[in-house]
Amino acid sequence: MFDLIIKNGKIIDGSGNPWFKSDIGIKEGMISKIGKIKVSGDPVLYAEGQVVAPGFIDLHGHSDMALTLEEHPRLLEPLITQGVTTQVIGNCGMSPAPTTDKSREIQKENLKLITPKEVSWQWSSMEDYLKLLDEQGVILNVVPLTGHGAIRSAIMGNKTSEPDEEELRMMKSLLADSFEQGSFGLSTGLIYPPGMWSTTSELVELGQVTYEYGRIFTSHLRGYSETLIKAVDEVIEVGRVSGCKVEISHHQAFGERYWKELDKTLNQIEKARTSGIDVAFDVIPYTTANTTILAIYPPWALKGGVSELIKRLQNREEREEIKKWVEHYTPEWPPWGMKGWPHNLVKATGWKNIVLLYLASEKNRKLVGKNLEELGIITGKHPFDAISDLVIEERGDIMALYIGLSGDLKNEEPLLPLIKHPYASLVTDAIFVEKGIHHPAAHSCYPRVIGHYSIHLGLFSLEEAIRKITSLPAQRVGLWRRGLIREGMFADLVIFDPEEVKEIDSNHPEHSKGINWVIINGEPVVEDGKYQSSLRPGQVLRKKN
Numbered sequence: 002m003f004d005l006i007i008k009n010g011k012i013i014d015g016s017g018n019p020w021f022k023s024d025i026g027i028k029e030g031m032i033s034k035i036g037k038i039k040v041s042g043d044p045v046l047y048a049e050g051q052v053v054a055p056g057f058i059d060l061h062g063h064s065d066m067a068l069t070l071e072e073h074p075r076l077l078e079p080l081i082t083q084g085v086t087t088q089v090i091g092n093c094g095m096s097p098a099p100t101t102d103k104s105r106e107i108q109k110e111n112l113k114l115i116t117p118k119e120v121s122w123q124w125s126s127m128e129d130y131l132k133l134l135d136e137q138g139v140i141l142n143v144v145p146l147t148g149h150g151a152i153r154s155a156i157m158g159n160k161t162s163e164p165d166e167e168e169l170r171m172m173k174s175l176l177a178d179s180f181e182q183g184s185f186g187l188s189t190g191l192i193y194p195p196g197m198w199s200t201t202s203e204l205v206e207l208g209q210v211t212y213e214y215g216r217i218f219t220s221h222l223r224g225y226s227e228t229l230i231k232a233v234d235e236v237i238e239v240g241r242v243s244g245c246k247v248e249i250s251h252h253q254a255f256g257e258r259y260w261k262e263l264d265k266t267l268n269q270i271e272k273a274r275t276s277g278i279d280v281a282f283d284v285i286p287y288t289t290a291n292t293t294i295l296a297i298y299p300p301w302a303l304k305g306g307v308s309e310l311i312k313r314l315q316n317r318e319e320r321e322e323i324k325k326w327v328e329h330y331t332p333e334w335p336p337w338g339m340k341g342w343p344h345n346l347v348k349a350t351g352w353k354n355i356v357l358l359y360l361a362s363e364k365n366r367k368l369v370g371k372n373l374e375e376l377g378i379i380t381g382k383h384p385f386d387a388i389s390d391l392v393i394e395e396r397g398d399i400m401a402l403y404i405g406l407s408g409d410l411k412n413e414e415p416l417l418p419l420i421k422h423p424y425a426s427l428v429t430d431a432i433f434v435e436k437g438i439h440h441p442a443a444h445s446c447y448p449r450v451i452g453h454y455s456i457h458l459g460l461f462s463l464e465e466a467i468r469k470i471t472s473l474p475a476q477r478v479g480l481w482r483r484g485l486i487r488e489g490m491f492a493d494l495v496i497f498d499p500e501e502v503k504e505i506d507s508n509h510p511e512h513s514k515g516i517n518w519v520i521i522n523g524e525p526v527v528e529d530g531k532y533q534s535s536l537r538p539g540q541v542l543r544k545k546n
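Counting from 2, one number per residue, gives the positions in the sequence shown under our numbering.
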């Protein structure tokens with residue numbers, strides 16, 4: 002007896018092997034049988050003409066705070082309905098846990114970017130946070146990483162100095178505790194406070210703990226423009242010295258002048274792997290990305306947090322100094338110290354390629370969709386002053402779309418070698434909040450991979466497309482019973498019509514086209530195209546020691 006039988010589907014099993022036709026029997030949340038199954042009263046899903054694939058695994062997402070809310074299935078509908086059954090959270094150095102009395106307010110500020118609305122921080126440890134998700138229930142599988150920013154803030158508060166011997170010991174101990182409680186790895190966000198204050202030696206020390214526990218080290222690099230080559234070298238060095246597995250997060254080159262550097266970085270990665278360093282990368286399959294508007298400011302202006310930045314922007318002399326840096330400073334290496342700045346976004350791409358996605362206050366929502374050059378024209382100010390005045394008014398709670406990542410809106414050629422690369426997992430980097438508009442990856446990432454890159458462009462086979470969003474990310478993060486269609490694996494499955502799958506050119510789509518069924522741990526959460534938002538079949542996963 003089976004809980005569900007999937008009949009006559011074209012199975013793409015996630016391995017990269019050619020498709021085959023078969024039936025699948027699901028029982029108690031697991032794939033119980035693959036082969037010819039006789040129907041005898043069990044529920045049957047007829048998949049003739051459709052592809053049956055493993056559920057998509059998003060190796061780089063930011064649903065950490067959304068998941069703490071009872072209504073998170075509504076917020077995450079665009080993610081689930083495009084086929085995501087598992088998401089890795091805690092990326093870019095930003096995880097909700099661990100947190101301490103010293104760091105809680107700092108953490109709230111640092112994670113405001115990914116927080117849909119006010120939440121009560123009812124946790125301290127990683128164990129506390131995961132237990133909260135367990136008790137509430139989650140709609141998809143959750144894979145937690147520990148953010149370097151959380152670790153550093155918990156021990157050092159807002160200090161920008163290198164950790165002393167005791168602080169470093171405490172950071173390593175806290176990271177080990179987090180691993181003991183089930184975290185799958187350490188993430189860093191080296192363009193954001195407090196990660197920007199760290200040195201390579203600090204990362205190596207934490208990388209050694211990561212290696213001892215057999216976890217992964219993921220990194221939002223220090224720079225994706227002038228310092229891209231050095232930034233890639235840095236994380237490879239962390240892997241070389243510490244021995245840990247390294248994942249370069251959303252690999253890209255920011256700004257047209259630097260797109261040509263991508264071939265060099267791929268050579269760096271190949272050379273590192275040949276020497277025995279386990280390094281790979283993931284890619285957002287777009288030439289745009291979303292992050293906080295605060296990323297345009299130099300590190301010294303961000304010292305002390307948003308409140309101190311606002312004070313500096315309200316001081317005429319300090320504002321002029323910040324403006325001069327934003328417009329003229331050329332990033333250098335090494336970036337340590339208050340006057341180091343490895344990634345000047347405005348200088349790399351210009352004001353017109355930074356677009357407002359959301360603002361906290363209702364009265365300024367009319368500015369959503371305007372680029373900073375247009376904002377300057379609307380307000381009659383220099384773009385720097387126009388956005389800085391908004392930062393003051395919105396208390397820094399502004400999300401922006403940055404254009405020019407490995408291509409632009411008219412040219413994606415520089416992006417294609419990254420997407421096609423066999424080591425590249427494809428990710429959303431999605432942030433789900435209710436203000437403004439989302440990056441298109443939030444609703445169309447995986448339909449784009451299948452419909453645009455595989456079927457339309459023929460960049461790779463459908464089997465390879467599925468591998469890059471299932472078994473490859475599963476292997477990178479260490480999920481050994483998901484990401485493939487095999488007997489004894491968890492029944493996370495996506496059923497789609499390859500003729501119909503395509504991305505949606507809309508800021509507020511109902512859901513992706515062509516994704517007909519999404520099954521999580523044996524339970525359909527998208528059923529013949531209809532989203533079942535009341536269900537909570539997901540699992541909060543923990544890495545065992």
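We treat Cβ as the ideally placed atom computed from N, Cα and C, and that holds for glycine.
Model, not experiment: these values are computed from the prediction.
Report task. Would you mind reading off the limits of the alpha helix (DSSP H) that contains residue 474? Result -> Under the DSSP assignment, residue 474 falls in the alpha helix (DSSP H) whose first and last residues are 472 to 478.
Report task. Please work out which residues of its chain come closer than 6 Å, Cβ to Cβ, to residue 279, disregarding the five sequence neighbours upstream and downstream, and give them in chain order. Result -> Excluding sequence neighbours, residue 279 sits near 246.
**Report entry** residue 180 classed as buried or exposed, judged by whether at least 16 other C-beta atoms fall within 10 angstroms
**Finding:** Around the beta carbon of residue 180, 16 or more other beta carbons lie within 10 angstroms, which makes this residue buried.
Report task. Kindly indicate which residue of 271, 55, 414, 26 has the alpha-carbon position closest to the one of residue 41. Result -> Measuring from the Cα of residue 41, the nearest candidate turns out to be 26.
**Report entry** Identity of the residues DSSP links to residue 359 by a beta bridge
**Finding:** In the DSSP output, where bridge partners are listed per residue, residue 359 has 400.
Query raised in the report: Roughly how many angstroms lie between the CA atoms of residue 400 and residue 357, to the nearest whole one?
Result: So the alpha carbons of these two residues sit roughly 6 Å apart.
Requested in this report: Give the DSSP bridge partners of residue 10, in chain order.
Outcome: DSSP output for residue 10 lists 23 as bridge partner(s).
Query raised in the report: Do you know offhand how far residue 152's Cα is from residue 139's?
Result: Their Cα atoms are separated by approximately 25 Å.
Query raised in the report: Can you name the start and end residues of the alpha helix (DSSP H) that residue 29 belongs to?
Result: That residue, residue 29, is in no alpha helix (DSSP H); it is neither H nor E in DSSP.
Report task. Excluding the 5 residues preceding and the 5 following residue 20 in the sequence, name in chain order all residues of the same chain whose CB lies nearer than 7 Å to its CB. Result -> For residue 20, where only same-chain residues beyond five positions count, the Cβ hits under 7 Å are 11, 12, 13, 464.
Query raised in the report: From what residue to what residue does the alpha helix (DSSP H) around residue 137 run?
Result: Boundaries of the alpha helix (DSSP H) harbouring residue 137: 127 to 137, taken from the DSSP string.
Query - Span of the alpha helix (DSSP H) around residue 150 - result: Start and end: 149 to 157.
Query - Reduced DSSP category for residue 89 - H, G, I as helix; E, B as strand; rest coil - result: Strand at residue 89.
Query raised in the report: Per DSSP, what kind of secondary structure is residue 224 in: helix, strand or coil?
Result: Note: residue 224 maps to coil in three-state DSSP.
Query raised in the report: In angstroms, rounded to a whole number, what distance separates the CA positions of residue 470 and residue 312?
Result: Whole-angstrom Cα-Cα distance: 44 Å.
Query raised in the report: Would DSSP call residue 525 helix, strand or coil?
Result: Note: residue 525 maps to strand in three-state DSSP.
Query - Through-space distance from residue 213 to residue 395, alpha-carbon basis - result: Between the alpha carbons of residue 395 and residue 213 lies a gap of roughly 43 Å.
Query raised in the report: If you count every other CB in all the chains shown that lies within 10 Å of the CB of residue 481, and 16 or more means buried, which is it?
Result: It counts as exposed.
Requested in this report: Leaving aside the five residues before and after residue 148 along the sequence, list all residues of the same chain whose C-beta is less than 6 Å from its C-beta, in chain order.
Outcome: Within the same chain, residue 148 has close Cβ partners 91, 94, 95, 96, 188.
Query raised in the report: Would you call the CB atoms of residue 415 and residue 426 closer than 9 Å?
Result: If you check the CB distance, residue 415 and residue 426 do not come in under 9 Å.
Query raised in the report: Can we say the segment 281 to 289 touches the segment 250 to 257, given the rule of at least three CB pairs closer than 8 Å?
Result: As far as the Cβ criterion goes, the segment 281 to 289 touches the segment 250 to 257, which means the pair count is three or higher.
**Report entry** Nearest-angstrom Cα separation, counted from residue 355 out to residue 392
**Finding:** The alpha-carbon separation between residue 392 and residue 355 amounts to approximately 14 Å.
Query raised in the report: Between which two residues does the alpha helix (DSSP H) carrying residue 548 extend?
Result: In the structure as shown, the chain begins at 2 and stops at 546. Residue 548 is therefore absent and cannot be evaluated.
Requested in this report: Could you please give the first and the last residue of the uninterrupted alpha helix (DSSP H) stretch that includes residue 111?
Outcome: Segment 105 to 111, the alpha helix (DSSP H) holding residue 111.
Report task. For residue 248, write down the residues that DSSP places opposite it in a beta bridge. Result -> Listed as beta-bridge partners of residue 248 by DSSP are 219, 281.
Query raised in the report: Can you name the residues that DSSP bridges to residue 491?
Result: Paired residues: 31.
Query raised in the report: Does the segment 312 to 330 come close enough to the segment 340 to 356 to have 3 or more Cβ pairs within less than 8 Å?
Result: As far as the Cβ criterion goes, the segment 312 to 330 touches the segment 340 to 356, which means the pair count is three or higher.
Query raised in the report: Can you give the Cα-Cα distance for residue 466 and residue 428, rounded to whole angstroms?
Result: Approximately 12 Å between the Cα atoms of the pair.
Requested in this report: Check whether the Cβ atoms of residue 76 and residue 433 lie closer than 9 Å to each other.
Outcome: A contact, by the Cβ cut-off of 9 Å.
Query raised in the report: Which same chain residues, not among the five before or five after residue 452, have their C-beta less than 7 Å away from its C-beta?
Result: Excluding sequence neighbours, residue 452 sits near 502, 503, 504.
Query - Status (buried if at least 16 other CB within 10 Å, exposed otherwise) for residue 2 - result: Flag for residue 2 reads exposed.
Report task. Check whether the Cβ atoms of residue 458 and residue 472 sit closer than 9 Å, and answer yes or no. Result -> In this structure, residue 472 does not lie closer than 9 Å to residue 458 by Cβ.
Requested in this report: Output the distance between the C-alpha atoms of residue 230 and residue 262, rounded to the nearest integer angstrom.
Outcome: Approximately 7 Å between the Cα atoms of the pair.
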